[in-house]
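K.L.:
A single structure is presented below for examination.
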Amino acid sequence: MLYVDIPGHDEFSRLSDIRSDACISIYLETSPIRQNLEASKIQLGNFIKSALQQVEEKGLDKRRLAMLEEELYSVLEDVEFWDCHARSLAILATPESITTYRLANNLLNQLEVSERFYLKPLLRALTFPHSAYILALSVNEARLIEFFADVPPAEVEVPNMPTCRRDAMTEAVLNDHHHGAVHHKVRLAQYTRKVDQALRPLLAINNHPLFLVAAEPLASIYRATNTLSNLTDETLFTNAEHIGLTDLVSQVRPLLDNYYRAQLDALKTRFEIRAGERRVTQELSEAARAATFGAIELLLINIESSLKGTINKDGLLSLDEGENGYGIIDEIAKRAIATGARVLAVRGEDLPSGADLHAILRYPL
29 MLYVDIPGHD
39 EFSRLSDIRS
49 DACISIYLET
59 SPIRQNLEAS
69 KIQLGNFIKS
79 ALQQVEEKGL
89 DKRRLAMLEE
99 ELYSVLEDVE
109 FWDCHARSLA
119 ILATPESITT
129 YRLANNLLNQ
139 LEVSERFYLK
149 PLLRALTFPH
159 SAYILALSVN
169 EARLIEFFAD
179 VPPAEVEVPN
189 MPTCRRDAMT
199 EAVLNDHHHG
209 AVHHKVRLAQ
219 YTRKVDQALR
229 PLLAINNHPL
239 FLVAAEPLAS
249 IYRATNTLSN
259 LTDETLFTNA
269 EHIGLTDLVS
279 QVRPLLDNYY
289 RAQLDALKTR
299 FEIRAGERRV
309 TQELSEAARA
319 ATFGAIELLL
329 INIESSLKGT
339 INKDGLLSLD
349 EGENGYGIID
359 EIAKRAIATG
369 ARVLAVRGED
379 LPSGADLHAI
389 LRYPL
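In structure tokens, the structure reads:
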């Protein structure tokens, strides 16, 4: 099974606030197949050497340089750590601490050395984690399957979930054959309600989308009894009893792509409505001030942007490629998140032409 750990928004904000004389941000292409990780380890070793050389040239204290070296090599040389990986690895290190995240997203190899962490790739992982659940439901079988991008899926053991309709019924109910088809649908509703109750504790703490695979009338009955906000609108209408995990995922994966696309399309409509109310901006200087003073409701940022500069405590933006500059899109995103905005990291083609961000404001400009 793919090992993935993604920071929540609170943790992202904490990382955004860290300042140090040496903040090392490493993003590494990895693989869930252990035999393919050797190239990743070699690349990490090269990044470590480069990072240490850069901070040494900037005059980092030798004692702190040694601490940083120890932190970074503690990851490279940890044999057990390399047993489980996903598509990408994020390593965020200072002389005092080191944090790692294994991500399902495909991120390019990248090293950043600064006074703060480079976190935009983590925002991409938060926006589209590329992981989901499948509820394969039939009268004779109930399975929950977890899957990630391009990785073999795994069936999840769910405490107290009935594995079939019979498990959800008492023997007296099973032997009651009165009322025909209407009575049968009532029993199916009792079954689906118990499935929903079993899933609730797991999915209440995990916001990955849930896709339903079921034939009628069970599919409609499950939707009628469902209480989970994770359940997506699309259903794969088929009997999943004899479909293996890999085949199930291959059939559901287009639904996941549709789900993400529908989210972005819905946002475009929302932006159009707010534009008519003068509550939309693509201007970096306006967005910087709005983020500083808590005026952003929703922010889309370009994950491919590399603009550097500074933003002062009053939100005044200065584009600066010099030594004091840092990623201004990251900084705007950080300030927006800190004031309760929803922030999504998207590709350039999902933004208006030429824009590095697109923001909905809480009140008109």
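Plus 28 on top of the position in the sequence shown (first one is 1) and you've got the numbering used here. Ideal placement from N, C-alpha and C gives every residue a C-beta, glycine not left out. Note that the structure is predicted; figures quoted are calculated from it, not measured.
Name the DSSP beta bridge partners of Val371, please?
P.N.:
Leu327
K.L.:
According to DSSP, which residues form a beta bridge with Arg239?
P.N.:
Arg is not the amino acid found at residue 239; the sequence shown has Phe there. Note: Phe239 sits in a beta bridge opposite Ile162.
K.L.:
Which parts of the segment 73-140 are runs of the alpha helix (DSSP H), unbroken and 4 residues or longer, counting only runs that do not cross its ends?
P.N.:
90-104
K.L.:
Where does Pro123 land, buried or exposed, given buried means 16+ other C-beta within 10 angstroms?
P.N.:
Around the CB of Pro123, 16 or more other CB atoms lie within 10 Å, so the residue is classed as buried.
K.L.:
On the three-pair Cβ rule with 8 Å, is the segment 69-76 touching the segment 161-170?
P.N.:
no
K.L.:
Can you give me the C-alpha to C-alpha distance between Ser59 and Phe239, rounded to a whole angstrom?
P.N.:
26 Å
K.L.:
Ile360: which of His113, Gly272, His386 and Asn352 sits nearest, CA to CA?
P.N.:
Closest option to Ile360, Cα to Cα, is His386.
K.L.:
I need the boundaries of the beta strand (DSSP E) containing Thr260, first residue and last residue.
P.N.:
Per DSSP, Thr260 is one residue of the beta strand (DSSP E) stretching across Leu259 to Leu264.
K.L.:
Do Tyr129 and Leu139 have their C-beta atoms within less than 9 Å of each other?
P.N.:
no
K.L.:
Just checking, does the segment 333-341 make contact with the segment 285-300 on the three C-beta pairs under 8 Å criterion?
P.N.:
no
K.L.:
Is Gly376 helix, strand or coil when you go by DSSP?
P.N.:
Here Gly376 sits in helix by DSSP.
K.L.:
Within 10 Å of its beta-carbon, does Cys112 have 16 or more other beta-carbons around it, so buried, or fewer, so exposed?
P.N.:
exposed
K.L.:
Below 8 Å on the Cβ atoms is my guess for Tyr391 versus Ala323; work out the distance and round it to an integer in Å.
P.N.:
7 Å
K.L.:
How many angstroms separate the CA atom of Thr266 from the CA atom of Ala242?
P.N.:
5 Å
K.L.:
Which of helix, strand or coil does DSSP assign to Thr309?
P.N.:
strand
K.L.:
With a threshold of 8 Å, are at least 3 pairs of Cβ atoms found where one atom belongs to the segment 154-164 and the other to the segment 86-100?
P.N.:
no
K.L.:
Counting beta carbon pairs with one atom in the segment 219-235 and one in the segment 243-252, are three or more of them shorter than 8 Å?
P.N.:
yes
K.L.:
Rounded to whole angstroms, what's the CA-CA distance from Thr297 to Gly304? Just pull it up for me.
P.N.:
11 Å
K.L.:
Do you know offhand how far Val107's Cα is from Ile54's?
P.N.:
19 Å
K.L.:
Quick check on Phe145: buried or exposed, where buried means 16 or more other Cβ atoms within 10 Å of its Cβ?
P.N.:
buried
K.L.:
What is the residue span of the alpha helix (DSSP H) that His37 lies within?
P.N.:
Element bounds for His37: His37 to Asp45.
K.L.:
Using the Cα positions of Leu284 and Asp38, report the straight-line distance between them to the nearest angstrom.
P.N.:
Each residue's CA atom was taken as its position, placing Leu284 and Asp38 some 26 Å apart.
K.L.:
Asp49 to Phe176, Cα distance in whole Å?
P.N.:
36 Å
K.L.:
Leaving out the 5 sequence neighbours to the left and right, which residues in its chain are closer than 8 Å to Asp224 when beta-carbon positions are compared?
P.N.:
Annotation for Asp224: Tyr250, Thr253, Asn254, Thr255 and Leu256 place their beta carbon closer than 8 Å to its own, counting only its chain and skipping 5 residues before and after.
K.L.:
May I have the straight-line CA-CA distance separating Gly36 from Leu147, to the nearest angstrom?
P.N.:
13 Å
K.L.:
Can you look up Tyr55 in the DSSP assignment and give me helix, strand or coil?
P.N.:
Tyr55: strand per DSSP, three-state reduction.
K.L.:
Which residue comes first and which comes last in the beta strand (DSSP E) that contains Ser346?
P.N.:
Leu345 to Leu347
K.L.:
Determine the direct distance from the alpha carbon of Leu216 to that of His207, and round the result to whole angstroms.
P.N.:
Below a pLDDT of 50, predicted positions are generally treated as unreliable, and His207, at 49, falls in that range; no measurement from the model is reported.
K.L.:
For the alpha helix (DSSP H) containing Leu154, list its first residue and its last residue.
P.N.:
Lys148 to Thr155
K.L.:
Since I believe Leu393 is in contact with Glu314 (beta carbons under 8 Å), could you give me their beta-carbon distance rounded to a whole number of angstroms?
P.N.:
7 Å
K.L.:
Taking 8 Å as the limit between beta carbons, can you name the residues of its chain near Val226, skipping five residues before and five after?
P.N.:
In the sequence under discussion, the amino acid at residue 226 is Ala, which differs from the Val named in the question. Excluding positions up to five away in sequence, the list reads Val186, Pro187, Asn188, Met189 and Pro190.
K.L.:
Going by DSSP in three states, Arg171 sits in which element: helix, strand or coil?
P.N.:
strand
K.L.:
Quick check: the Cα distance between Ala268 and Leu276, rounded to an integer number of angstroms?
P.N.:
8 Å
K.L.:
What separation, rounded to the nearest whole angstrom, lies between the Cα atoms of Leu344 and Ser142?
P.N.:
21 Å
K.L.:
Looking only at C-alpha atoms, which of Arg306, Lys86, Phe40 and Ile162 sits nearest to Ile271?
P.N.:
Ile162
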